[in-house]
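Written out below as C-alpha cells is the structure these notes cover.
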Amino acid sequence: MPNNKKPAGGRPAKNFDPYARSGKSGPKSGSRSPGHRGYKPESEAPAKKARWNADERAERAASGGGDRRSYGNDRPSYGNDRPSYGNDRPQRGERSERPAYGQRSERPAYGDRNDRAPRGDRTERPAYGDRAPRGDRPSYNNDRPQRGERSERPAYGQRSERPAYGDRNDRGARSDRPAYGQRSERPAYGDRNDRGARSERPAYGDRNARTERPASGDRNARPSYGNDRPSYNSDRPQRGDRPAYGKRESGYGDRPREERAPRADRSDRPAYNDRAQRSDRPAYNASERPPRRDDRGGSYERPGFKASDRSDSKFYPSREHKGAGRVHGDQKGHFTPEDDVVLERLEAQAIEATDVDGVSFGDLGLGGNIVAALTALGAASPFPIQAATIPVVLEGRDVLGRGKTGSGKTIAFAAPTVELLMKQWAQSGKSGGKRQIGRKPRALILAPTRELALQIDRTVQPIAQSVGLFTTQIYGGVPQYKQVGALQRGVDIVIGTPGRIEDLIEQGRLDLSEVAITVLDEADHMCDLGFLEPVQRILRHTKDGGQKLLFSATLDKGVATLVNEFLVNPAVHEVAGEDQASSTIDHRVLVIEHRDKAAIIEQLADRNGKTLVFARTRAFAEQLADLLDDAGIPAVSLHGDLNQGRRTRNLAQLTSGRVSVLVATDVAARGIHVDDIDLVIQADAPDEYKTYLHRSGRTGRAGKQGTVVTLIPRQRQRRMSELLERAEISADFVDTRPGDELLRELAAL
DNA sequence: CAGGCAG
Numbered sequence: 001m002p003n004n005k006k007p008a009g010g011r012p013a014k015n016f017d018p019y020a021r022s023g024k025s026g027p028k029s030g031s032r033s034p035g036h037r038g039y040k041p042e043s044e045a046p047a048k049k050a051r052w053n054a055d056e057r058a059e060r061a062a063s064g065g066g067d068r069r070s071y072g073n074d075r076p077s078y079g080n081d082r083p084s085y086g087n088d089r090p091q092r093g094e095r096s097e098r099p100a101y102g103q104r105s106e107r108p109a110y111g112d113r114n115d116r117a118p119r120g121d122r123t124e125r126p127a128y129g130d131r132a133p134r135g136d137r138p139s140y141n142n143d144r145p146q147r148g149e150r151s152e153r154p155a156y157g158q159r160s161e162r163p164a165y166g167d168r169n170d171r172g173a174r175s176d177r178p179a180y181g182q183r184s185e186r187p188a189y190g191d192r193n194d195r196g197a198r199s200e201r202p203a204y205g206d207r208n209a210r211t212e213r214p215a216s217g218d219r220n221a222r223p224s225y226g227n228d229r230p231s232y233n234s235d236r237p238q239r240g241d242r243p244a245y246g247k248r249e250s251g252y253g254d255r256p257r258e259e260r261a262p263r264a265d266r267s268d269r270p271a272y273n274d275r276a277q278r279s280d281r282p283a284y285n286a287s288e289r290p291p292r293r294d295d296r297g298g299s300y301e302r303p304g305f306k307a308s309d310r311s312d313s314k315f316y317p318s319r320e321h322k323g324a325g326r327v328h329g330d331q332k333g334h335f336t337p338e339d340d341v342v343l344e345r346l347e348a349q350a351i352e353a354t355d356v357d358g359v360s361f362g363d364l365g366l367g368g369n370i371v372a373a374l375t376a377l378g379a380a381s382p383f384p385i386q387a388a389t390i391p392v393v394l395e396g397r398d399v400l401g402r403g404k405t406g407s408g409k410t411i412a413f414a415a416p417t418v419e420l421l422m423k424q425w426a427q428s429g430k431s432g433g434k435r436q437i438g439r440k441p442r443a444l445i446l447a448p449t450r451e452l453a454l455q456i457d458r459t460v461q462p463i464a465q466s467v468g469l470f471t472t473q474i475y476g477g478v479p480q481y482k483q484v485g486a487l488q489r490g491v492d493i494v495i496g497t498p499g500r501i502e503d504l505i506e507q508g509r510l511d512l513s514e515v516a517i518t519v520l521d522e523a524d525h526m527c528d529l530g531f532l533e534p535v536q537r538i539l540r541h542t543k544d545g546g547q548k549l550l551f552s553a554t555l556d557k558g559v560a561t562l563v564n565e566f567l568v569n570p571a572v573h574e575v576a577g578e579d580q581a582s583s584t585i586d587h588r589v590l591v592i593e594h595r596d597k598a599a600i601i602e603q604l605a606d607r608n609g610k611t612l613v614f615a616r617t618r619a620f621a622e623q624l625a626d627l628l629d630d631a632g633i634p635a636v637s638l639h640g641d642l643n644q645g646r647r648t649r650n651l652a653q654l655t656s657g658r659v660s661v662l663v664a665t666d667v668a669a670r671g672i673h674v675d676d677i678d679l680v681i682q683a684d685a686p687d688e689y690k691t692y693l694h695r696s697g698r699t700g701r702a703g704k705q706g707t708v709v710t711l712i713p714r715q716r717q718r719r720m721s722e723l724l725e726r727a728e729i730s731a732d733f734v735d736t737r738p739g740d741e742l743l744r745e746l747a748a749l
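In terms of the UniProt record's numbering, the first sequence has 186 at position 186, counting the first letter as 1, and numbering is strictly consecutive.
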C-alpha cells in the first residue's frame, strides 16, 4: 500500500472514517490516473501486495490467527480458476480512470475484489452472451457517481435493453451462471460456510477449512460472481463531488428524534403456540444452554417472576447489581412457564410508560456528563421509551424495548449502557479518560446494516466520550485494519454488524469475553433467517450472564429464540398510546399497471422535498435511480451492490440535501434517520407488514407531515390490504395511470 | 429477494 495512503499510521481512532483513506477528497485520487506520477507505483502494487500479504500472514500467525495462512496461496490459483477473467481485462487498458489492478493490489484489505472485475462490455464472454442486461449495467459505483459528467454513463436506453426490472431472477436459471442462482440457494450469509463443510466444523475456525479447501470449492463455483458485478464496487475514491464524509451532517446520526412509526399489530398474528421452537424449547434449553449458565449452578431454574413485580416499568427500586457482569444470583435457569409469560407480553402485557413530564435524564439515573452529552445531541429531556427503559437497564436487567420508529430507542439503550460501563470502571478503580491499551470491549451493540451501525455510533460515541469511554465501529465493506487497530488500542464499546464482528472474532482480533452488556438494535430483524445464527454465535462469545437489551419498533415473538437462550427475566417496555391513528403519515396505495410503474415513479419523484424510494431488488433500485437521474431528477441509490464508500456517500447526499431522491432497497428500511423525508414511495410493495412499518417510518418524523405511496399491480390488492390491516394502517386504493392529477398532488405534498 | 466478512 502506498505510503501516502497509510491511514493506519494516523489515528484510526474510535470513529474510523471509512473514506478518509480513500482520498476521495484528498490528493491521493490523482495518483491513480495513468500517466500520472502516482500511477506507476500502483502498477507495481502487485509486488507490494505480496509483501503485504506476507506481513499479514506473519501478523496473523503471531496473533494466533495463523489460520488464514493459506490465504496467500489461494490467490495464485485465482486467475486460473477464472479464465474468463482474462477476457475482461483487456478493457482495463482503456479505462484509464479506473484504478485498475494496481489499486487492488495495493489494497491489503477486502472489498477490493470487485475491482478485478472489469465492467463494461462482456461481449467477448460467450457464456454470458444472453446476459445483455448485465453487460449494460456499468458499475454502479463508477458511473453514477459523477452525476455531473453523466455523459459517459451509458444512456438509459442502453440499460433498457434489460428485460424488466425483475430480470435478475431469470438469471438464476442459468446453470452456467453460478452468481445469482447459487447465491439464492444460500439462505443466509452465515450459511455460506456450508460449502466449506461447515457443519462438521465447530463454530469458529471454520475459516480454516475454507481457506485450505482447494480453491476449486467455491472459487470455481462462483467464477462469474466477480465478473458479474464487477464494477459496482470498484472503489474509486476520487469523485470530488462527494461531500466530505462529514459525520453527522444535519443530524443524520441522531436517530432518537425520529417520529412515530405505526406500531406492530400483533393481534392477528398466529398464536404463539404455532411456533415450532416452542414445543421443543425445554429440551433445547437443557442441552444447549448449560455452558452459559454454569455459573449459576448449571441448572435452569428461573424463579417464576410475578407480573406484579413489574407493573411499574419506570422506576424500579435500585437493586444490588448494577452494571455489567452482574449475576442474576437469585435466578436459576430452568425452563418454566414463566418464560412464556415474558414472551406473551410481547403480545399483550407490555409495560407502558406514559408520563414523562418533568422527568429528566438525571432523574432516570444518568450522570451529569452523560446528561450534558445528551443535551448536546439535542435530547434535552427523555422521551417516553427512554424514561421507561433507562432505569431498568441501569438496574442491570435484561430488557426488551419496543418504541416506534424514531421514538428514541438509540439513546434509550446507549445512555444507560455508557453509564453502567462508567460505573463499573469507576468501581474497579480505573479512571476514565485514560485509554488502556488492549483493554477489551465491555459492551457490544449489534445492528443489521452498516449504515445503521454507523448512525448508532454517532449517538453513542459522544455519550461515551463524555465519560472517557471509547467506541469503535466494526463493520464490513471496508478494510479491517483500522478497526483492528482501534481494538488493539483498547475500546469500551463495539458497535457493528454481525459479519465483520464474527470475522474478527474468528481471527482472534476481537475478544468479547468481557462484554457484559449486549444490545441488539432492530432485534426482531436480527432474529430473521440469516441473521439469527450469526447473532447467536456472537452472543455466545459474550460474557456469561451478561446483560442483554433487545430493541425494535416491531419487537415481536420472533425474538423468542434469543430471549430463551440469553435473557433472564426480561419484560417488554414500550410506550402507550401511540398508534397509527396518532400518526402524521398519510398512506396511499396506487393500483397501477406494471408497465406504468417507471413513469409513475418519475412523476411522483419529480418534486422538491426529500423523497425515499424503496425497491425490492438492488438491480431495480439502481435502475430506478438511473431512470430518474436521466429524467433530470437527481437521484442516488443505496443498496448492497454498491461499495461501502458509495453507500455512505449516497446516503449522505440525501441527508445533506445535495440530492433529494434516494432509491434504496430495504437496507434503508430500518433505523436510518434522515431529516425531512416527506415522501416515501414503495416502488415494490413490501412482503411483510413490519417492513411496511419500518419503511414508512422513514418519513413523518418529528411531528412533520409525511406521505407514503405504495404502488401495486391490480392483482396484489388483496395481499396489500391484508398487510395494511396487520399494520393497523388504513389507506385508500386508487387506480392510477401516468399523468393523473393525483400524482401531481402527491408530489406537491 | 435483501441484509451481513472476505476473496
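Idealized CB from N, CA, C, for every residue including glycine.
Exercise. What distance in whole Å lies between the Cβ atoms of V734 and V591, which are believed to be in contact at a cut-off of 8 Å?
Worked result: The residue given as residue 591 occupies position 591 in the first sequence. The residue given as residue 734 occupies position 734 in the first sequence. So it is a contact: roughly 7 Å between Cβ atoms.
Problem set entry | Neighbourhood of A599 by C-beta, 6 Å cutoff - its chain only, sequence neighbours within 5 removed | Within the first sequence, the letter at position 599 stands for residue 599. P738, listed in sequence order.
For this session: Per DSSP, which residues does K597 bridge with? Please list them.
Result: Indexing the first sequence from 1 puts residue 597 at position 597. Its beta-bridge partners do not exist; DSSP assigns none.
For this session: Give the DSSP bridge partners of H587, in chain order.
Result: Your numbering for residue 587 matches position 587 in the first sequence. Answer is V708, bridged to H587.
Exercise. Do you know offhand how far R744's Cα is from S656's?
Worked result: Along the first sequence, one-based indexing puts residue 744 at 744. Along the first sequence, one-based indexing puts residue 656 at 656. Each residue's Cα considered, the two are about 25 Å apart.
Exercise. When the Cα of I456 is compared with those of M422, T497 and F361, which residue comes out closest?
Worked result: For the purposes of this step, residue 456 is taken as residue 456 along the first sequence, with counting starting at 1. Among M422, T497 and F361, the Cα nearest to that of I456 is on T497.
For this session: Answer yes if the stretch 446 to 465 comes into contact with the stretch 679 to 692, meaning at least three C-beta pairs across the two stretches below 8 Å, and no otherwise.
Result: no
Problem set entry | Environment of G102 [buried if 16+ CB atoms lie within 10 Å] | For this step, residue 102 is matched to residue 102 along the first sequence. In this predicted model, G102 has a pLDDT of only 31, less than 50, meaning its place in the structure is not dependable enough to derive any value.
For this session: Since I believe R500 is in contact with Q480 (beta carbons under 8 Å), could you give me their beta-carbon distance rounded to a whole number of angstroms?
Result: Counting from 1 along the first sequence, the entry for residue 480 is found at position 480. Counting from 1 along the first sequence, the entry for residue 500 is found at position 500. Confirmed, Cβ separation roughly 7 Å.
Exercise. Is the beta carbon of T699 sitting closer than 9 Å to the one on I677?
Worked result: In the first sequence, residue 699 corresponds to position 699, counting from 1. In the first sequence, residue 677 corresponds to position 677, counting from 1. In contact: T699 and I677 (Cβ atoms closer than 9 Å).
Problem set entry | Where E688 sits in the DSSP three-state scheme | Residue numbering aside, residue 688 sits at position 688 when the first sequence is read from its first letter. In the structure shown, E688 sits in coil (DSSP, three-state: anything other than H, G, I, E or B).
Exercise. If you check the beta carbons only, do residue 754 and V519 fall under 9 Å apart?
Worked result: The requested residue 754 is not part of the displayed model; the chain covers only 1 to 749.
Problem set entry | Spatial neighbours of K597 in its chain, beta-carbon cut-off 7 Å, leaving aside the 5 residues before and after | One-based indexing of the first sequence puts residue 597 at position 597. Closer than 7 Å at the Cβ level, and outside the excluded window around K597, lie A683 and L711.
Exercise. Alpha carbon to alpha carbon, how far is residue 752 from K543?
Worked result: This structure leaves residue 752 out entirely; the chain is present only between 1 and 749.
Problem set entry | Three-state secondary structure assigned by DSSP to V575 | By 1-based counting over the first sequence, the position of residue 575 is 575. Three-state result, V575: strand.
Exercise. Taking the C-alpha atoms as reference points, what is the distance between T471 and E722?
Worked result: Sequence index remark: in the first sequence, residue 471 carries index 471 (1-based). Sequence index remark: in the first sequence, residue 722 carries index 722 (1-based). So the two alpha carbons sit approximately 43 Å from each other.
For this session: Below 8 Å CB to CB, which residues in the same chain sit around N608 once its five sequence neighbours on both sides are set aside?
Result: One-based indexing of the first sequence puts residue 608 at position 608. Contacts found: S660.
Exercise. Who are the near neighbours of A747 in its chain, counting only those whose CB is closer than 7 Å to its CB and skipping five residues on each side?
Worked result: Position 747 of the first sequence, counting from 1, holds the residue named residue 747. These residues qualify, in order along the chain: Q603, L604, D606 and R607.
Exercise. Got a sec, what are the start and stop residues for the alpha helix (DSSP H) Q682 sits in?
Worked result: Within the first sequence, residue 682 is the residue found at index 682, counting from 1. Q682 -> not in any alpha helix (DSSP H); beta strand (DSSP E) instead, spanning I677 to Q682.
For this session: Identify the continuous beta strand (DSSP E) that holds D735 and give its terminal residues.
Result: Locating residue 735 in the first sequence gives position 735, counting from the first residue. D732 to D735 is the extent of the beta strand (DSSP E) around D735.
For this session: With a 10 Å radius around its C-beta and 16 neighbouring C-beta atoms as the bar for buried, classify Q644 as buried or exposed.
Result: Counted from its first residue, the first sequence places residue 644 at position 644. So Q644 ends up on the buried side.
Exercise. Between which two residues does the beta strand (DSSP E) containing Q473 stretch?
Worked result: What you label residue 473 is simply residue 473 of the first sequence in a count that begins at 1. Where Q473 is concerned, the enclosing beta strand (DSSP E) stretches over T471 to I474.
Exercise. CB-CB under 6 Å to S552, same chain, minus the five flanking residues each way: which ones, in chain order?
Worked result: Here residue 552 refers to the residue found at position 552 of the first sequence. Answer for S552: E522, A523 and D524, listed in chain order.
For this session: State the start and end residues of the unbroken beta strand (DSSP E) segment that holds K548.
Result: For the purposes of this step, residue 548 is taken as the residue at position 548 of the first sequence. Q547 to S552 is the extent of the beta strand (DSSP E) around K548.
For this session: Tell whether a beta-carbon distance below 9 Å holds between K704 and V575.
Result: Taking the first sequence and counting its residues from 1, one reaches residue 704 at position 704. Taking the first sequence and counting its residues from 1, one reaches residue 575 at position 575. For K704 and V575, no; Cβs fall outside 9 Å.
Exercise. How long is the line joining the alpha carbons of Q488 and D586, rounded to whole angstroms?
Worked result: As a working mapping, residue 488 is identified with position 488 in the first sequence. As a working mapping, residue 586 is identified with position 586 in the first sequence. C-alpha separation (whole angstroms): 49 Å.
Exercise. What is the DSSP secondary structure of P713, reduced to helix, strand or coil?
Worked result: Translated into positions along the first sequence, residue 713 becomes position 713. The answer is strand: DSSP assigns P713 an E or B state.
For this session: Could you give the DSSP three-state label for F620: helix, strand or coil?
Result: Walking along the first sequence from the start, residue 620 turns up at place 620. Here F620 sits in helix by DSSP.
Exercise. Is K482 helix, strand or coil when you go by DSSP?
Worked result: The sequence position of residue 482 within the first sequence is 482, counting from 1. Correct three-state label for K482: helix.
For this session: Report the residue from A372, V667, L400 and Q536 whose alpha carbon sits nearest the alpha carbon of P448.
Result: Taking the first sequence and counting its residues from 1, the one referred to as residue 448 is at position 448. Minimum Cα distance to P448 is reached at V667.
Exercise. For the putative contact between A412 and T389, defined by C-beta atoms under 8 Å, what is the C-beta separation to the nearest angstrom?
Worked result: Residue numbering aside, residue 412 sits at position 412 when the first sequence is read from its first letter. Residue numbering aside, residue 389 sits at position 389 when the first sequence is read from its first letter. That pair is a contact at about 5 Å.
For this session: Could you check if A453 is buried or exposed, using at least 16 other CB atoms within 10 Å of its CB as the buried criterion?
Result: Against the first sequence, residue 453 aligns to sequence position 453. The residue in question, A453, is buried, as its Cβ has 16 or more Cβ neighbours within 10 Å.
For this session: Please classify V494: does DSSP put it in a helix, a strand, or coil?
Result: As a working mapping, residue 494 is identified with position 494 in the first sequence. Correct three-state label for V494: strand.
Exercise. In the structure shown, what three-state DSSP assignment does F566 receive?
Worked result: Working through the first sequence from its first residue, we reach residue 566 at position 566. Three-state DSSP puts F566 in a helix.
For this session: Select from G485, I445, V535 and L612 the residue whose C-alpha is nearest the C-alpha of N515.
Result: Numbered from 1 along the first sequence, position 515 holds the residue referred to as residue 515. It is Val, not Asn, that sits at residue 515 in the sequence shown. Of G485, I445, V535 and L612, the residue nearest in Cα terms is I445.
Problem set entry | Inter-residue Cα distance where the pair is S381 and V393 | Here residue 381 refers to the residue found at position 381 when the first sequence is read from its first residue. Here residue 393 refers to the residue found at position 393 when the first sequence is read from its first residue. For S381 and V393, the distance between alpha carbons rounds to 17 Å.
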